[in-house]
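J.: Residue numbers (full-length UniProt numbering), protein chains in the order written: chain A, 1 to 498; chain B, 1 to 77.
Virtual Cβ for every residue (Gly too), placed ideally from N, Cα, C.
Since the structure is predicted, the reported quantities are computational estimates derived from the model, not experimental observations.
If you scroll down you'll find the structure; I have some questions about it.
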Amino acid sequence: MAQVTEVVKLQRKVLAEVSRLALHDKLADHVEDILTTVVTEDGPRYRCCIHKERAVLKDRINVALSQPIGTDITEAAANALNGEVADGSIVRVLPEACDRCPIDKFMVTDACRNCLAHHCIASCPKKAIMVAGNRAYIDKMTCVECGMCKKSCPYGAIIEISRPCERACDLKAITAAADRRAAIDYDKCAQCGACKIACPFGAISDRTYIVQVIQAIKAKKRVYAIVAPAIVSQFGVKVKLGQVKTALIQFGFHALHEVAFGADIVTLEETKEFAATVPTDRAYMTTSCCPAYVEMVDKHLPQCGEYVSSTVSPMVATARMIKAEDKDAVVVFIGPCIAKKVEGQKNPDCIDYVLTFEELAAMFVGAGINLTEITDTLYETDASRHGHSFASAGGVMKSVIDTAGVLAPDITIKPHRAEGLGNCKQALQQIAKGDLDANFFEGMACVGGCVGGPGTLNDVRITTKMLETHVNATKTVMAPENQKAVDVIEKGGHWHKE
Amino acid sequence: MEQLVVEICAGTSCYLLGSQDLIDALETLPPDKRSKIDLRGITCLKACGHGPNVRIKGVVLSNMTPDRLLQAIEDNL
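Below you can see the structure in the form of structure tokens.
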């Protein structure tokens, strides 16, 4: 998350208010209050009128409560308080909020010189371009948006404009529907959340489990928070994990576990898996920890599916370990990722709910918990540098290479990695075709890795730097040296997908 | 030379509403301007919910944006 714009503020205020009301047992009767507390009579105004703003807000509240868009918000609140979660996808377009961006894809700019050659006219297969007012003019009724004119203009005077959501989607899963509202094609979408960050109207959002988690805590269940390694500096550069732990306990969570520990298990298992299967059973192997990347492979390159590591993700490894020790545990993953919510749905045996750092911060605000006013108790990590480094692009790759040096020094690893789903897709295709000489590929949907995820609170550059310092300060260097992780694996457990 | 004290709230509520952006805006000021400012992080200004909040010369300024903060500093220098 780069900048906290007005639309981001609005989204976060809704989450904080929903949390506050739920915590004070007021959500059922006072959910309508959010319409007046978040959008006040005296502005500021972002839309045509206050009524439109409140209509948008109702969509936001429904999504925040994990209820279908269009549900009456009092009913939605009652459903959420009962722990209900609507079926369907996590990432949603908010129909009221979508501006239906009226974008003409190709536009002739002032740079047009009305030259003599008229390459644009000559190149247009539909004869949609003519000269009007001393410059080229595109007839929108005939134009099929092929882009030949843009390519042909020697001045580069014809530009291509696309909607921010469409441009952000590497998988071309979002397009304008017949009513010009954005529509997501869930057969292509990996629910990475890039479109949510890109839309300047805040018209795309992801469902949250805030109320469901609060209700589980209120019901005195043992709710475990498992936090992703990208947590470093998410709540401010000076806020330490010890403070976050105290805040979580104050909030009512039973305990905190680091997913970095599960990442150590994954490093060990993935290294063993690689050594056992490459090159004997398969030409290469690719990572399985990034859920949006795995989803992309599943939907766009199914022929590569068998090359994805069968090792579970660090989230699942950590959660399974907890459930093995406490069968009544309610496990809540807290991380930078929206796609993890989908992965959580697919692993109901061990993951109960998924929250983002943004959602957790809003919950703290709703509870009146200020992390900066909590005294730091030194938190001793039980993970190695490897486990922590999973949060940053290249981390998984390096961990497996280092670990192979210890566990299987004779194998040859030819590594390659990519960030961004488009880049991942391209690289994986090249490896599959043999155009790229690699036998181990790390795919990360977000640029920078998890620290660049859509549910983060701090700038990816700051977090990357802070994470590096944190990794270097961690005592246990390598996953194979993490005796606790080795012991957990030896005790037995399911660390691979069936 | 006496510096202008600018206190930016880094409490969780203000942080969620973008206090980090305010800090970034000050850190990227040209050195001659930046040197005139004594930037201090603070944990709460008791105006949560209207953040991000900043205090300059005893006055709490709410709903701050980087642009408005730079203007406020300009006015006070």
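1. Using a cut-off of 8 Å between C-beta atoms, extract the partners of residue 10(B) located in chain A.
2. Consider the Cβ of residue 16(B): report whether some Cβ of chain A lies at a distance smaller than 8 Å.
3. Note down, in chain order, every chain A residue with its Cβ under 9 Å from the Cβ of residue 28(B).
4. Looking at chain B, which residues of the stretch 339-354 of chain A have a Cβ within less than 8 Å of any of its Cβ atoms?
5. At a Cβ threshold of 8 Å, is residue 13(B) touching chain A?
6. At the 8 Å Cβ level, is residue 364(A) part of the contact set with chain B, yes or no?
7. Along the alpha helix (DSSP H) that carries residue 399(A), what are the first and last residues, could you check?
8. Got a sec? Which residues, its chain only, sit under 7 Å from residue 250(A) by beta carbon, not counting five neighbours each side?
9. Does the stretch 300-313 of chain A come close enough to the stretch 203-210 of chain A to have 3 or more Cβ pairs within less than 8 Å?
10. Taking 8 Å as the threshold (beta carbon to beta carbon), is residue 60(A) in contact with chain B?
11. Please determine if the stretch 135-153 of chain A and the stretch 108-120 of chain A are in contact, where contact requires at least 3 C-beta pairs separated by less than 8 Å.
12. Using the C-alpha atoms, what's the distance from residue 56(A) back to residue 446(A)?
13. Report yes if the CB atom of residue 322(A) is closer than 8 Å to the CB atom of residue 257(A), and no otherwise.
14. Between 364(A), 340(A), 348(A) and 361(A), which lies nearest to residue 354(A) when the distance is taken from Cα to Cα?
15. So, is residue 280(A) buried or exposed, given that buried needs 16 or more other C-beta atoms within 10 angstroms?
16. If you reduce the DSSP assignment to three classes, tell me which class residue 91(A) lands in.
17. What in chain A is Cβ-close to residue 21(B), meaning under 8 Å?
18. Alpha carbon to alpha carbon, how far is residue 164(A) from residue 119(A)? Give it in angstroms, no decimals.
19. Quick one: what's got a C-beta closer than 6 Å to residue 83(A)'s C-beta in the same chain, skipping five residues either side?
20. Unbroken beta strand (DSSP E) runs of length 3 or more, entirely within the stretch 438-494 of chain A: which are they?
21. Would you list the residues sitting across from residue 353(A) in a DSSP beta bridge?
22. Give the range of the beta strand (DSSP E) segment to which residue 206(A) is assigned.
23. Within a Cβ cutoff of 8 Å, which residues of the same chain sit near residue 238(A), ignoring the five residues on either side of it in sequence?
24. May I ask which residues mark the beginning and end of the beta strand (DSSP E) holding residue 257(A)?
25. Using a Cβ-Cβ cut-off of 7 Å (strictly less than) and excluding sequence neighbours within five positions of residue 292(A), which residues of its own chain qualify?
26. Under 7 Å Cβ-Cβ, which residues of chain B neighbour residue 12(A)?
27. When we look at the beta-carbon of residue 174(A) and count the other beta-carbons within 10 Å, is it buried (16 or more) or exposed?
28. Which residues of the stretch 320-339 of chain A have a Cβ closer than 8 Å to any Cβ of chain B? Give them in chain order.
29. Who are the neighbours of residue 458(A) on chain B, taking C-beta pairs under 7 Å?
30. Under a Cβ-count criterion, where at least 16 other Cβ atoms within 10 Å of its own Cβ denotes burial, should residue 243(A) be classed as buried or exposed?
31. Would a check of beta-carbon distances place residue 22(A) closer than 8 Å to chain B?
32. Taking the beta strand (DSSP E) that residue 106(A) belongs to, which residues open and close that run?
33. Could you tell me the distance, in whole angstroms, from the CA atom of residue 342(A) to the CA atom of residue 46(A)?
34. Taking 8 Å as the CB-CB limit, is residue 361(A) close to chain B?
35. Since residue 225(A) and residue 332(A) should fall inside the 8 Å C-beta cutoff, what is the C-beta to C-beta distance between them, to a whole number of angstroms?
36. Return the first residue and the last residue of the beta strand (DSSP E) that residue 417(A) is part of.
T.: This is what the structure holds:
1. By Cβ distance, chain A contributes 236, 238 and 372.
2. yes
3. Near residue 28(B) there are no residues of chain A at all, since even the closest Cβ is about 12 Å away, more than 9 Å.
4. none
5. yes
6. yes
7. Judged by DSSP secondary structure, residue 399(A) falls within the alpha helix (DSSP H) whose first and last residues are 395-407.
8. 369
9. no
10. no
11. yes
12. 28 Å
13. yes
14. That would be 340(A), whose Cα lies nearest to the Cα of residue 354(A).
15. exposed
16. strand
17. 3 and 4
18. 29 Å
19. 212 and 215
20. 440-444
21. 332(A)
22. 204-206
23. 372
24. 255-258
25. 190, 191, 192, 339, 421 and 445
26. 16 and 17
27. When all chains shown are included, residue 174(A) counts as buried.
28. none
29. 20
30. buried
31. no
32. 106-108
33. 32 Å
34. yes
35. 6 Å
36. 415-419
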